[in-house]
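Visitor:
In UniProt numbering, the protein residues as written are 1 to 179.
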């Protein structure tokens with residue numbers, strides 16, 4: 001058997017060959033083994049193209065991430081502020097609760113809320129203002145108001161007696177601080 005060289009200009013053979021060999025001017029169709037041997041590329045161009053391929057995140061991707069973080073912060077910040085205001089307001093509630101306990105002890109021992117020295121001994125923490133009304137030797141009702149300026153709010157306990165028992169009614173303004 002004799003092998004004859006085939007030229008690239010032979011149309012009968014060129015139709016049967018792949019497009020990359022039939023049309024060598026199309027560089028995207030040239031096989032990789034031909035790139036290294038046939039096509040010459042300057043080293044500095046190759047370095048530039050390599051750098052462009054490894055550029056990292058695009059500006060749009062970074063802007064989307066910043067927008068997502070901003071939305072999450074806009075949702076979380078008010079919830080966090082409400083949480084910290086409730087935590088601060090517990091000082092007002094607990095200081096009124098301490099006086100409530102002392103007032104109940106006073107009523108059980110004397111039959112009235114007439115222990116002003118005992119009620120006055122309750123110290124309020126910093127930032128809490130306590131007001132006690134109705135503490136006299138014949139009083140059967142008592143009002144304890146605990147208020148704050150930061151956060152702005154008031155907690156009020158009203159005691160009423162019936163048959164030797166003390167019942168308390170609590171009100172909170174604004175209600176979001178006590179829920």
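All residues carry an ideal CB built from backbone N, CA and C; glycine is no exception.
1) Look up residue 115 in the DSSP assignment and say whether it is helix, strand or coil.
2) Alpha carbon to alpha carbon, how far is residue 58 from residue 209? Give it in angstroms, no decimals.
3) Give me the Cα-Cα distance between residue 112 and residue 151, rounded to the nearest whole angstrom.
4) Taking only the alpha-carbon atoms, compute the straight-line gap between residue 141 and residue 160 and give it to the nearest angstrom.
5) With 16 as the cutoff for other CB atoms within 10 Å, does residue 180 come out buried or exposed?
6) Below 8 angstroms between beta carbons: does that hold for residue 127 and residue 81?
7) With distances taken between CB atoms, is the gap from residue 175 to residue 158 smaller than 8 angstroms?
8) Provide the residue span of the beta strand (DSSP E) that contains residue 171, from first to last.
9) Just how far apart, CA to CA, sit residue 136 and residue 84?
10) Could you spell out where the alpha helix (DSSP H) holding residue 177 opens and where it closes?
Guide: Quick look at the numbers:
1) Position 115 of the chain shown, counting from 1, holds the residue named residue 115. Residue state, collapsed to three classes: coil.
2) For residue 209 there is no data in the structure shown, the boundaries of the chain being 1 and 179.
3) Taking the chain shown and counting its residues from 1, one reaches residue 112 at position 112. Taking the chain shown and counting its residues from 1, one reaches residue 151 at position 151. Roughly 34 angstroms between the two C-alpha positions.
4) The count along the chain shown starts at 1 and reaches residue 141 at position 141. The count along the chain shown starts at 1 and reaches residue 160 at position 160. Their Cα atoms are separated by approximately 5 angstroms.
5) The requested residue 180 does not occur in the structure, where the chain is confined to residues 1 to 179.
6) As a first step, residue 127 is located in the chain shown; it is residue number 127 there, counting from the start. As a first step, residue 81 is located in the chain shown; it is residue number 81 there, counting from the start. No, Cβ-Cβ distance for residue 127 and residue 81 is not below 8 angstroms.
7) As a working note, residue 175 is residue 175 in the chain shown. As a working note, residue 158 is residue 158 in the chain shown. Annotated as distal: residue 175 and residue 158, with beta-carbon spacing of 8 angstroms or more.
8) As a position in the chain shown, residue 171 is number 171, starting the count at 1. Taken as a continuous stretch (DSSP letters only), the beta strand (DSSP E) holding residue 171 covers 165-173.
9) As a first step, residue 136 is located in the chain shown; it is residue number 136 there, counting from the start. As a first step, residue 84 is located in the chain shown; it is residue number 84 there, counting from the start. Between residue 136 and residue 84, the alpha-carbon positions lie close to 37 angstroms from each other.
10) As a position in the chain shown, residue 177 is number 177, starting the count at 1. Here residue 177 belongs to no alpha helix (DSSP H), and DSSP marks it neither H nor E.
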